[in-house]
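Working notes for the structure below.
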Amino acid sequence: DRYLGEVLGRKAAQDINSIKRDLEAIKAVLREQKK
1268 DRYLGEVLGR
1278 KAAQDINSIK
1288 RDLEAIKAVL
1298 REQKK
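To convert, count from 1 in the sequence shown and add 1267; that's this note's numbering.
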């Protein structure tokens, strides 16, 4: 059970990080378009 929790926690952290990267990329694109 604990192992599964650790694996899921790591997966969730990776998902959150990838979502953050996507948001940063979108923000950068929007900034470029405003120029």
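Each residue gets a CB set at the ideal place from its N, CA and C atoms; glycine is no exception.
Quick check: what's the CA-CA separation for A1292 versus I1286? 10 Å
In angstroms, rounded to a whole number, what distance separates the CA positions of E1299 and L1271? 42 Å
Give the straight-line distance between the Cα atoms of L1297 and V1274, rounded to the nearest whole angstrom. 35 Å
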